[in-house]
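**Q**
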Amino acid sequence: MADYLAHTDDEVAAMLAFLGLNTLDDLFAHIPAAVRLAAGAMGLPDGRSEPDVADEFTQFTRANRATANQLVCFAGGGAYDHEVPSVVRALASRSEFVTAYTPYQPEVAQGVLQALFEYQTLVSRLSGLPVANASLYDGATALVEALNLAGGATGRSTMVVSAGVHPHWRAVVQTFARGTGHRVVVAPLVDGVTDWSGVDVDEAAAVVVAYPNYLGVLEDMAAARANATRLGGLFVVAGDPVAAGVLRTAGDWGADVFVGEGQPFGTALSFGGPYLGLFAVASEHVRRLPGRIVGETLDTNGRRAFVTTLRAREQDIRREKATSNVCTNQTLMAVTAAIQLGWLGTAGLRQVAVASATGAHALYDALTTVDGVTPLVTAPFLREFAIRLPRPANEVIAAMAGDGILAGLAVSALTGGADRSIEGDPANVLLVAVTERRTQLELDAYVDALRKAVK
Amino acid sequence: MMTAQPGGRAASIPLMGHEVEPTMFELSVPGRSAAQLRTTSIPARTLASMVPAEHLNPEPLVTADLAERDLVGHVTRLTHRQFSVDLGAYPLGSCTMKYNPKFCDGVAADPGLVTVHPGAPAAMVQGWLELLVTLEERLCGITGMAAATLQPAAGAAGELTGLLLMRAYHDANGEQRRRVIIPDSAHGTNPASVTLGGYEVTTVPSNERGLVDLDALRAALGPDVAGIMLTNPNTVGLFEEQIVEIAEAVHEVGGLLYYDGANLNAILGVVRPGDMGFDIVHMNLHKTFATPHGGGGPGAGPVAVSARLARFLPGPRATRVEGHFEWTTPDASIGRVHGWHGNAMVLARALAYIEVHGAPGLERVAQHAVLNANWLRRRLAATLPAAYDRPCMHECVLTATPVKAAYGVRGLDIAKSLLDEGFHAPTVYFPLIVDEALMFEPTETESPQTLEALATAVESIVARAATDPESLHRAPTHTPVSRVDEARAARHLIATEDDADR
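Taken in order, these protein sequences are the chains called C and W.
Okay, so the first sequence: first residue is 1423 according to my numbering, each after it adds one.
Okay, so the second sequence: first residue is 905 according to my numbering, each after it adds one.
1. Spell out a yes or no on whether the stretch 1038-1055 of chain W and the stretch 1274-1287 of chain W are touching, meaning 3 or more CB-CB pairs, one atom from each, closer than 8 Å.
2. Could you compute how far the alpha carbon of W/M905 sits from the alpha carbon of C/D1432?
3. Determine the chain W residues that contact C/N1491 at a beta-carbon separation under 9 Å, and present them in chain order.
4. Shorter than 9 Å from the beta carbon of C/Y1559 to some beta carbon of chain W?
5. Straight-line CA distance for W/T1383 to W/A1393?
6. For C/Q1737, name the three-state secondary structure that DSSP assigns.
7. Which class does C/M1437 belong to by DSSP, given the choice of helix, strand or coil?
8. Check the Cβ-Cβ distances between W/L965 and every residue of chain C, and say whether any is below 9 Å.
9. From what residue to what residue does the alpha helix (DSSP H) around C/Y1786 run?
10. Is W/E972 close to chain C, meaning its C-beta is less than 9 Å from at least one C-beta of that chain?
11. Any residues in the stretch 979-1002 of chain W with a beta carbon nearer than 9 Å to a beta carbon of chain C? Which ones, in chain order?
12. Between C/D1841 and chain W, is any beta-carbon pair separated by less than 9 Å?
13. Helix, strand or coil: which one does DSSP assign to C/V1856?
14. Where DSSP assigns a beta bridge to W/F1229, which residues make up the other side?
15. Mind checking W/L1322: buried by the 16 CB within 10 Å criterion, or exposed?
16. Determine whether the Cβ of W/M905 lies closer than 9 Å to any Cβ atom of chain C.
17. Near C/A1434, what residues of its chain come up, given a Cβ to Cβ distance below 8 Å and the 5 sequence neighbours on each side ignored?
18. Secondary structure at W/V1317, three-state DSSP: helix, strand or coil?
19. Under three-state DSSP, which class holds C/V1621?
20. With DSSP as the reference, label W/D974 as helix, strand or coil.
21. With burial defined as no fewer than 16 other Cβ atoms inside 10 Å of the residue's Cβ, what is the status of W/R1212: buried or exposed?
22. Determine the DSSP secondary structure at W/P1087, reduced to helix, strand or coil.
23. Is W/L1064 close to chain C? Criterion is C-beta to C-beta, closer than 9 Å.
24. In the DSSP assignment, find the unbroken alpha helix (DSSP H) run with C/F1807 in it and report its ends.
25. Between which two residues does the alpha helix (DSSP H) harbouring C/F1598 extend?
26. List the residues that DSSP assigns as beta-bridge partners of W/F1327.
27. Quick check on C/L1544 - is its C-beta less than 9 Å from some C-beta in chain W?
28. Could you round the C-beta distance between C/A1808 and C/V1833 to whole angstroms and report it? I think they count as a contact, below 8 Å.
29. Going along chain W in order, which residues have a C-beta closer than 9 Å to the C-beta of C/D1431?
30. Check the DSSP bridge columns for W/P1137 and list the partner residues they point to.
31. Since C/R1772 and C/V1668 are thought to touch, with beta carbons under 8 Å apart, how far apart are those beta carbons, to the nearest angstrom?
32. Along chain W, in chain order, which residues have C-beta atoms closer than 8 Å to that of C/D1425?
33. In the DSSP assignment, find the alpha helix (DSSP H) that holds W/M954 and state where it starts and stops.
34. Take every Cβ of the stretch 1578-1592 of chain C, pair it with every Cβ of the stretch 1842-1852 of chain C, and state whether three or more of those distances are shorter than 8 Å.
35. Within the 9 Å Cβ cut-off, does C/I1739 reach chain W?
36. Quick one, which residues of the stretch 1514-1527 of chain C are near chain W if we go by CB-CB under 9 Å, in chain order?
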């Protein structure tokens, strides 16, 4: 039997004797017999050795086609194939980070605490807002926390959300609104840009815009900000942190809250998780922050030290009056992001954004010359764009996989059908992302494969 | 048997640096760079040619500029200022800081799993879907439930998901219920989740045995009760022996039972939440199934439910359909609770752990976890009394009240002193219902020698409380920093390098 236990049979017997017991089962004598589990009732197989289990996992991995070795990735939609160098992987897999828990004892947790302080600094700079927390689960749930913060700050419950916010994020917002009672009003996209004019509310707790939005479009941020002002709601910007390397920051656009998906900074595609929820706020909302926040202080010898702070907001102290229920978050991904940003440096961060945009614009120019392929919208974009095909996008994705290319995401798969982000039927709409890892040869192969797939 | 040296004591390592480690910003020299990116051969374009000027940041966003060697040095030095399970015993009660098998990290690092885009069509990710379906089946077998969602990213996310399932169930029955009952010993996430689920908290007291007071519970029940959230074994490490009566009483008024799986490790293969009458169960895979805690996440908080609640589960779910796998969404689904499919790489690790152990192995996990906790409780009985003097499950809650009364040494002082002895501290001041609580969860993976060394360390600390209490107030002194001024951090928030007050 395989396991990771140390005790010899003799040691178990001695420990039981110390307790005045005969068998391990005696430890559970106080559990009512009526609910005790019969042997074999879990329906689980017997244990197997590590190599045997590795064989089972090989069956899983062999059945995955959409791997980096088999398909060149042009899929995005919030999950991007960016460079993660060996040095970042090595540092982020250090077991001192990996096998620690929440830094409840700061004297022996300065490693994680200082890394989180550096992470908070980086998120603050990327967002242009003064205070960032120590991470949330992912971009979608970070947006939910932003709306909860806005509800608490304004005493209102109407949330105006651009249809340019990722459809999955909007779905998550709708789910959690079942509990909070928030009313979610979606503002449609017209030619890829949010049309706030039809939003029929007098006041709102929050106005949410994605920048760039999930179709890659650079929104009219001044209009979005003006709309937030008009409705008296907090201005929440859901930003792509890679784009933040070159675009004006959320803070520059007047955001009260910034949320984002931090996966592009050092985390592999990972089939969607664990990712990293970025969260930053303007100063006046600090005491409503969800989750952990690390602050700088001194130890009793006057040395600089770091510690989780403003703990009175949190669930283990405030209980039902807490700002959030978050306890475990995504610390390792936050530490990873800090390391990746340290590796990229000022120039590298900009280079990733510029190279991604360059590739995206080159591919866009080439694809829109293919017969039957048209741009979905005319609005400006950075590193991701949508095209309309002469046949369903899911068929084109399947066909292009035959040429070794993951062509992108079928927008209808994200939206689950008609959606206020797409004028007309989304079935033929394909969302294409380009990162700094894509080469001219790969772009050429993409164009050839698409031409073949739509012929 | 105790003659061998302990494998789980970290006091031999030179956690020696007492100088401050600079931040990466303090190490930064403009012009340095570590990044090496692919040569794309795509003709260069200027940003101005691609993006309208009003969108562009007029100034470069400055981060930190380091040579790779200095980055590696900085981060490695940070790791030397960090305690971890790999370094030594981490008896942090309620957190189940057991050894995390490297094998599970190894399978999760396979490019066949980790390089897969979450939005790829189901036909191209059949292996991932089968993995998720297999894990769901295993978790249902372990908990005695019918179906599960793997989306919630952590235990608290699972709690809120469970409460929304509770709400959807009552809504579907046309019932408006407004209260959820929780014991006063509950984790703080429980009441916080109840509020976010749109319910009011009704707290029921624990009795003198540390268990739910059944009479108080019955008095609190009524037709407006949506359900109860229970941790079993509870947060004082005791099994709720009247669970069958509790379940009957709650079900009688039409309420549902929610199982907080934080302490599931104690009952693996021994008793199942489903068999105890629970309707909704969340699991903390990072606790029970040993996925690494990552310094505070990622975790994973799957939620399993009984058959009558399966139609409300979040979607999409990986589903076995006629020899292959598809994403399906239940007809009355509450919707998504995660941007994609949950913390997939954590889920893969947990499945690997379950497959290695199998049913008998998981039962041994629970047996040894309970054995270790009871041994430690008994071993320390003359040093720190248990809050409730009877057999515990996987953790034991001791109290420093007598030591405090006699010598003015608090539980916190004992915890900080343990750091100097090469052990992580237990959880302190939780649960709230125990005065000067010290909650030890040794876990099943610590050897008898490590437990003996831990007990000896506690003994010596408490002995020192009588002779030199000041040394305990000063502790820790061997650590990279001494006690930190938490009040100062809160009073004068410095949350970034750029804080103007810094």
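The beta-carbon is built from N, C-alpha and C at its ideal position, and this holds for glycine as well.
**A** Judging by the given coordinates:
1. Contact fails: fewer than three Cβ-Cβ distances are below 8 Å.
2. Note that W/M905 scores 48 on pLDDT, short of 50, meaning its location in the model is unreliable; the coordinates nonetheless yield the value given after this. Answer to the nearest angstrom: the Cα atoms are 8 Å apart.
3. The answer, in chain order, is P1015, G1016, T1019.
4. C/Y1559 belongs to the set of residues whose beta carbon lies under 9 Å from a beta carbon in chain W.
5. Going by the C-alpha atoms only, they are around 19 Å apart.
6. Residue state, collapsed to three classes: helix.
7. In the three-state scheme derived from DSSP, where H, G and I count as helix and E and B as strand, C/M1437 is classed as helix.
8. So yes, W/L965 belongs to the interface.
9. Membership of C/Y1786 in the alpha helix (DSSP H) is indicated by the continuous run 1753-1789.
10. Interface residue, yes.
11. The residues in question are V979, T980, R981, L982, T983, H984, R985, Q986, F987, S988, V989, D990, L991, Y994, L996, C999, M1001, K1002.
12. Closer than 9 Å to the CB of C/D1841 there is not a single CB belonging to chain W.
13. Here C/V1856 sits in coil by DSSP.
14. Bridge partners of W/F1229: W/R1224.
15. It counts as buried.
16. A caution first: W/M905 carries a pLDDT of 48, below 50, which makes its placement in the model too unreliable to give a value.
17. The amino acid at residue 1434 of chain C is misidentified as Ala; the sequence shows Val. Excluding residues within five positions, the ones whose Cβ falls inside 8 Å are L1446.
18. The sequence given here has Asp at residue 1317 of chain W, not Val. The answer is helix: DSSP assigns W/D1317 an H, G or I state.
19. Coil.
20. Helix.
21. Of the other Cβ atoms in all chains shown, fewer than 16 fall within 10 Å of the Cβ of W/R1212; this residue is therefore exposed.
22. W/P1087 carries a strand assignment under DSSP once its states are collapsed to helix, strand and coil.
23. Yes, contact with chain C.
24. Premise fails: C/F1807 lies in the beta strand (DSSP E), 1806-1810, not in any alpha helix (DSSP H).
25. Under the DSSP assignment, C/F1598 falls in the alpha helix (DSSP H) whose first and last residues are 1589-1602.
26. Answer is none; W/F1327 lacks a bridge partner.
27. Yes, C/L1544 lies at the interface with chain W (some Cβ there is under 9 Å from its Cβ).
28. About 6 Å; that satisfies the 8 Å criterion.
29. None at all; the shortest Cβ gap to chain W is about 11 Å.
30. Note: W/P1137 sits in no beta bridge, so no partner.
31. In this structure C/R1772 is in contact with C/V1668, their Cβ atoms being roughly 6 Å apart against a cut-off of 8 Å.
32. Here the neighbours are V1260, H1261, G1265, R1268, V1269.
33. Run containing W/M954: 951-954, per the alpha helix (DSSP H) assignment.
34. In short, these stretches touch, since the Cβ pair count reaches three.
35. So, interface residue.
36. Using a CB distance below 9 Å, the part of the stretch 1514-1527 of chain C facing chain W consists of A1514, S1515, R1516, S1517, E1518, F1519, V1520, T1521, A1522, Y1523, T1524, P1525, Y1526, Q1527, ordered along the chain.
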